[in-house]
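Take a look at the structure below.
In my numbering, the protein residues as written are 8 to 271.
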(Lines of atoms letter the chains of each structure in order from A and count residues from 1; the text may use other names and numbers.)
(Lines give C-alpha, C1' and ligand atoms only; values in the text may rest on other atoms or scores of the structure.)
Protein backbone atom coordinates (compact mmCIF):
# COMPACT_ATOMS: atom_id res chain seq x y z
CA UNK A 1 0.00 0.00 0.00
CA UNK A 2 1.63 3.30 -1.02
CA UNK A 3 2.47 5.74 1.71
CA UNK A 4 0.73 9.11 1.60
CA UNK A 5 2.58 12.38 2.22
CA UNK A 6 0.78 15.39 3.54
CA UNK A 7 1.89 18.67 1.94
CA UNK A 8 0.92 21.89 3.70
CA UNK A 9 -0.83 24.46 1.52
CA UNK A 10 1.19 27.39 0.17
CA UNK A 11 -0.28 30.85 0.71
CA UNK A 12 0.80 33.99 -1.17
CA UNK A 13 0.31 37.48 0.22
CA UNK A 14 -2.29 39.53 -1.55
CA UNK A 15 -2.22 43.23 -2.33
CA UNK A 16 -5.15 43.88 0.03
CA UNK A 17 -3.15 43.21 3.09
CA UNK A 18 -1.55 46.42 4.35
CA UNK A 19 2.23 46.55 4.54
CA UNK A 20 3.52 48.07 7.74
CA UNK A 21 5.81 51.06 7.18
CA UNK A 22 8.48 52.15 9.52
CA UNK A 23 10.41 55.34 9.72
CA UNK A 24 13.82 53.67 10.00
CA UNK A 25 15.44 51.55 7.27
CA UNK A 26 16.27 48.09 8.28
CA UNK A 27 18.78 45.82 6.59
CA UNK A 28 17.75 42.36 5.81
CA UNK A 29 20.23 39.89 7.20
CA UNK A 30 21.74 37.64 4.55
CA UNK A 31 22.17 33.98 5.08
CA UNK A 32 25.60 32.91 6.22
CA UNK A 33 26.36 31.10 2.94
CA UNK A 34 26.11 34.40 0.97
CA UNK A 35 28.92 36.18 2.90
CA UNK A 36 32.17 36.86 0.94
CA UNK A 37 34.91 34.53 2.04
CA UNK A 38 38.48 35.82 2.39
CA UNK A 39 41.23 33.78 0.74
CA UNK A 40 43.24 31.69 3.19
CA UNK A 41 46.66 32.96 4.10
CA UNK A 42 49.77 30.96 4.99
CA UNK A 43 50.53 30.77 8.69
CA UNK A 44 53.19 32.99 10.22
CA UNK A 45 53.20 35.42 7.26
CA UNK A 46 53.25 39.20 7.65
CA UNK A 47 50.34 41.07 6.18
CA UNK A 48 50.75 42.08 2.56
CA UNK A 49 51.07 45.79 1.96
CA UNK A 50 48.58 47.44 -0.26
CA UNK A 51 49.44 48.88 -3.67
CA UNK A 52 49.08 52.43 -2.39
CA UNK A 53 51.72 51.92 0.33
CA UNK A 54 54.46 50.71 -2.12
CA UNK A 55 57.01 53.45 -2.91
CA UNK A 56 57.68 54.30 -6.55
CA UNK A 57 61.17 53.42 -7.78
CA UNK A 58 62.63 54.41 -11.14
CA UNK A 59 64.49 51.73 -13.09
CA UNK A 60 67.13 52.58 -15.71
CA UNK A 61 68.53 49.61 -17.63
CA UNK A 62 71.64 51.38 -18.93
CA UNK A 63 72.72 52.71 -15.55
CA UNK A 64 72.05 49.38 -13.85
CA UNK A 65 74.10 47.38 -16.36
CA UNK A 66 76.97 49.86 -16.14
CA UNK A 67 76.98 49.71 -12.37
CA UNK A 68 76.86 45.91 -12.32
CA UNK A 69 79.67 45.56 -14.85
CA UNK A 70 81.83 48.04 -12.98
CA UNK A 71 81.19 46.29 -9.67
CA UNK A 72 82.08 42.80 -10.95
CA UNK A 73 84.87 43.79 -13.36
CA UNK A 74 86.76 46.81 -12.06
CA UNK A 75 88.74 48.73 -14.67
CA UNK A 76 92.51 48.16 -14.82
CA UNK A 77 94.66 50.52 -12.91
CA UNK A 78 96.92 51.41 -15.83
CA UNK A 79 97.84 50.20 -19.30
CA UNK A 80 101.51 49.90 -18.44
CA UNK A 81 100.84 47.43 -15.63
CA UNK A 82 98.79 45.23 -17.98
CA UNK A 83 101.47 45.20 -20.65
CA UNK A 84 104.20 44.47 -18.11
CA UNK A 85 102.24 41.58 -16.62
CA UNK A 86 101.60 40.08 -20.08
CA UNK A 87 105.25 40.46 -20.99
CA UNK A 88 106.25 38.80 -17.72
CA UNK A 89 103.86 35.90 -18.38
CA UNK A 90 105.15 35.49 -21.93
CA UNK A 91 108.73 35.47 -20.69
CA UNK A 92 108.09 32.84 -18.02
CA UNK A 93 106.20 30.43 -20.29
CA UNK A 94 108.64 27.90 -21.85
CA UNK A 95 108.36 26.94 -25.48
CA UNK A 96 107.25 23.52 -26.67
CA UNK A 97 110.79 22.54 -27.72
CA UNK A 98 112.11 23.42 -24.27
CA UNK A 99 109.41 21.32 -22.61
CA UNK A 100 110.38 18.39 -24.85
CA UNK A 101 114.09 19.08 -24.12
CA UNK A 102 114.88 19.60 -27.80
CA UNK A 103 117.58 22.13 -28.63
CA UNK A 104 117.81 22.58 -32.42
CA UNK A 105 120.84 24.89 -32.22
CA UNK A 106 122.76 22.34 -30.15
CA UNK A 107 121.85 19.56 -32.58
CA UNK A 108 123.07 21.70 -35.47
CA UNK A 109 126.39 22.45 -33.72
CA UNK A 110 126.91 18.76 -32.97
CA UNK A 111 126.18 17.90 -36.59
CA UNK A 112 128.72 20.44 -37.84
CA UNK A 113 131.34 19.05 -35.47
CA UNK A 114 130.71 15.50 -36.74
CA UNK A 115 131.00 16.58 -40.38
CA UNK A 116 134.66 17.56 -39.73
CA UNK A 117 136.15 14.32 -38.30
CA UNK A 118 139.57 15.96 -37.73
CA UNK A 119 138.04 18.96 -35.93
CA UNK A 120 135.73 17.16 -33.58
CA UNK A 121 134.72 19.08 -30.45
CA UNK A 122 133.98 16.56 -27.66
CA UNK A 123 132.80 19.31 -25.29
CA UNK A 124 129.64 19.73 -27.38
CA UNK A 125 128.74 16.07 -26.74
CA UNK A 126 129.29 16.28 -23.00
CA UNK A 127 125.54 16.86 -22.63
CA UNK A 128 123.91 13.76 -24.20
CA UNK A 129 120.45 13.83 -25.76
CA UNK A 130 118.32 11.58 -27.94
CA UNK A 131 116.62 14.15 -30.16
CA UNK A 132 119.52 14.22 -32.65
CA UNK A 133 119.89 10.40 -32.82
CA UNK A 134 116.17 10.00 -33.49
CA UNK A 135 116.43 12.59 -36.26
CA UNK A 136 119.27 10.61 -37.87
CA UNK A 137 117.32 7.39 -37.39
CA UNK A 138 114.31 8.74 -39.29
CA UNK A 139 116.54 10.13 -42.04
CA UNK A 140 118.36 6.81 -42.40
CA UNK A 141 115.07 4.90 -42.53
CA UNK A 142 113.65 7.35 -45.08
CA UNK A 143 116.64 6.96 -47.42
CA UNK A 144 116.38 3.20 -47.13
CA UNK A 145 112.69 3.44 -47.96
CA UNK A 146 113.49 5.46 -51.07
CA UNK A 147 115.86 2.66 -52.04
CA UNK A 148 113.01 0.15 -51.76
CA UNK A 149 113.94 -1.25 -48.31
CA UNK A 150 111.48 -1.02 -45.43
CA UNK A 151 113.83 -1.29 -42.46
CA UNK A 152 112.38 0.96 -39.74
CA UNK A 153 112.22 -1.79 -37.14
CA UNK A 154 115.54 -3.34 -38.16
CA UNK A 155 117.45 -0.07 -37.83
CA UNK A 156 115.84 0.77 -34.49
CA UNK A 157 116.57 -2.71 -33.13
CA UNK A 158 120.19 -2.58 -34.27
CA UNK A 159 120.61 0.83 -32.66
CA UNK A 160 119.34 -0.49 -29.34
CA UNK A 161 121.46 -3.68 -29.46
CA UNK A 162 124.57 -1.75 -30.54
CA UNK A 163 124.22 0.77 -27.73
CA UNK A 164 123.80 -1.95 -25.11
CA UNK A 165 126.74 -3.92 -26.57
CA UNK A 166 129.03 -0.88 -26.55
CA UNK A 167 127.92 0.08 -23.02
CA UNK A 168 128.61 -3.35 -21.56
CA UNK A 169 131.89 -3.88 -23.47
CA UNK A 170 133.49 -0.58 -22.50
CA UNK A 171 132.41 -0.87 -18.88
CA UNK A 172 134.01 -4.33 -18.74
CA UNK A 173 137.22 -2.91 -20.18
CA UNK A 174 137.31 0.07 -17.85
CA UNK A 175 136.43 -1.89 -14.73
CA UNK A 176 135.88 0.32 -11.71
CA UNK A 177 136.97 3.39 -13.64
CA UNK A 178 134.12 3.09 -16.15
CA UNK A 179 131.63 5.92 -16.08
CA UNK A 180 129.75 5.33 -19.35
CA UNK A 181 126.00 5.18 -18.79
CA UNK A 182 123.46 3.68 -21.15
CA UNK A 183 121.88 7.04 -22.01
CA UNK A 184 125.21 8.44 -23.21
CA UNK A 185 125.90 5.25 -25.14
CA UNK A 186 122.63 5.69 -27.04
CA UNK A 187 123.50 9.32 -27.72
CA UNK A 188 127.01 8.61 -29.04
CA UNK A 189 125.95 5.69 -31.24
CA UNK A 190 123.06 7.70 -32.65
CA UNK A 191 125.04 10.86 -33.36
CA UNK A 192 127.93 8.96 -34.94
CA UNK A 193 125.43 7.34 -37.32
CA UNK A 194 125.58 10.54 -39.39
CA UNK A 195 128.26 9.25 -41.82
CA UNK A 196 126.15 6.14 -42.51
CA UNK A 197 123.11 8.38 -43.12
CA UNK A 198 125.12 10.35 -45.68
CA UNK A 199 126.27 7.10 -47.25
CA UNK A 200 122.68 5.86 -47.53
CA UNK A 201 121.71 9.09 -49.28
CA UNK A 202 124.65 8.78 -51.68
CA UNK A 203 123.85 5.13 -52.40
CA UNK A 204 120.63 6.23 -54.13
CA UNK A 205 122.81 7.48 -57.01
CA UNK A 206 125.20 4.48 -57.06
CA UNK A 207 124.65 1.26 -59.02
CA UNK A 208 122.64 -1.33 -57.06
CA UNK A 209 125.14 -4.14 -57.62
CA UNK A 210 128.01 -4.09 -55.08
CA UNK A 211 131.33 -3.42 -56.77
CA UNK A 212 134.84 -2.71 -55.59
CA UNK A 213 134.20 1.03 -55.76
CA UNK A 214 131.07 0.61 -53.65
CA UNK A 215 133.04 -1.30 -51.02
CA UNK A 216 135.71 1.42 -50.93
CA UNK A 217 133.08 4.16 -50.55
CA UNK A 218 131.40 2.21 -47.76
CA UNK A 219 134.78 1.70 -46.04
CA UNK A 220 135.40 5.47 -46.07
CA UNK A 221 132.12 6.20 -44.30
CA UNK A 222 132.63 3.34 -41.81
CA UNK A 223 136.09 4.63 -40.88
CA UNK A 224 134.63 8.11 -40.54
CA UNK A 225 131.94 6.91 -38.11
CA UNK A 226 134.46 4.78 -36.20
CA UNK A 227 136.86 7.68 -35.76
CA UNK A 228 134.32 10.12 -34.31
CA UNK A 229 132.69 7.53 -32.03
CA UNK A 230 136.00 6.30 -30.61
CA UNK A 231 137.12 9.89 -30.08
CA UNK A 232 134.00 10.73 -28.06
CA UNK A 233 134.12 7.53 -26.01
CA UNK A 234 137.86 7.67 -25.27
CA UNK A 235 137.57 11.07 -23.63
CA UNK A 236 134.82 10.14 -21.17
CA UNK A 237 135.30 6.42 -20.71
CA UNK A 238 138.95 5.47 -20.39
CA UNK A 239 140.43 8.97 -20.38
CA UNK A 240 143.56 8.14 -22.39
CA UNK A 241 144.30 8.38 -26.10
CA UNK A 242 146.27 5.10 -26.17
CA UNK A 243 143.06 3.14 -25.65
CA UNK A 244 141.33 4.53 -28.73
CA UNK A 245 142.32 1.51 -30.84
CA UNK A 246 140.74 -0.79 -28.28
CA UNK A 247 137.53 1.28 -28.24
CA UNK A 248 137.48 1.65 -32.04
CA UNK A 249 137.18 -2.09 -32.64
CA UNK A 250 133.57 -2.55 -31.36
CA UNK A 251 132.62 0.75 -33.01
CA UNK A 252 133.99 -0.52 -36.33
CA UNK A 253 131.90 -3.68 -36.04
CA UNK A 254 128.74 -1.70 -35.27
CA UNK A 255 128.96 0.71 -38.21
CA UNK A 256 130.08 -2.06 -40.59
CA UNK A 257 126.75 -3.76 -39.91
CA UNK A 258 124.85 -0.55 -40.69
CA UNK A 259 126.78 -0.13 -43.93
CA UNK A 260 125.80 -3.67 -44.96
CA UNK A 261 122.17 -2.64 -44.62
CA UNK A 262 122.81 -0.01 -47.26
CA UNK A 263 124.82 -2.19 -49.63
CA UNK A 264 122.67 -5.32 -49.58
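No residue lacks a Cβ here, since even glycine has one placed at the ideal position from N, Cα and C.
The structure presented is a predicted model; accordingly, all values stated were derived computationally and were not measured.
### Query
Short check: CB of residue 217 to CB of residue 270, under 7 Å?
Yes, the Cβ-Cβ distance between residue 217 and residue 270 is below 7 Å.
### Stretch-stretch touch, CB-based, cutoff 8 Å, three pairs: the region 137-157 with the region 110-124
yes
### Query
How would you label residue 234, buried or exposed, when you count the other beta carbons within 10 angstroms and need 16 or more for buried?
buried
### Task
Can you have a look at residue 177 and say buried or exposed, based on whether 16 or more other CB atoms are within 10 angstroms of its CB?
buried
### Task
Just mark residue 191 as buried or exposed, buried being the case when its beta carbon has 16 or more other beta carbons within 10 Å.
buried
#### Entry: Counted within 10 angstroms of its Cβ, other Cβ atoms place residue 130 as buried (16 or more) or exposed
exposed
### Query
Quick one: complete alpha helix (DSSP H) runs, 4+ long, within the region 123-171?
138-153
#### Entry: The alpha helix (DSSP H) enclosing residue 258, as first and last residue numbers
251-270
### Query
Are residue 266 and residue 225 touching if we call contact CB-CB under 7 Å?
yes
### Query
What did DSSP end up calling residue 108 once you bin it into helix, strand or coil?
coil
### Message
Let's test the definition: count the other Cβ atoms within 10 Å of the Cβ of residue 30 and tell me whether it reaches 16, buried, or not, exposed.
### Response
Confidence at residue 30 is low in this model, with a pLDDT of 45, below 50, so its placement is unreliable and the value that follows should be read with caution. So residue 30 counts as exposed.
### Task
Compute the beta-carbon to beta-carbon distance between residue 151 and residue 207, rounded to the nearest angstrom, for a pair I have assumed lies under 8 Å.
In this structure residue 151 touches residue 207 by the C-beta definition: roughly 6 Å separates them, less than 8 Å.
### Task
Tell me whether residue 213 sits in a helix, a strand or coil according to DSSP, three-state version.
In the structure shown, residue 213 sits in coil (DSSP, three-state: anything other than H, G, I, E or B).
### Alpha-carbon to alpha-carbon, residue 211 and residue 149
About 11 Å.
### Query
Mapping DSSP to helix, strand and coil, what is residue 92?
With a pLDDT of 49 at residue 92, under the threshold of 50, the modelled position of this residue cannot be trusted; read the value that follows with caution. In the structure shown, residue 92 sits in a helix (DSSP, three-state: H, G or I).
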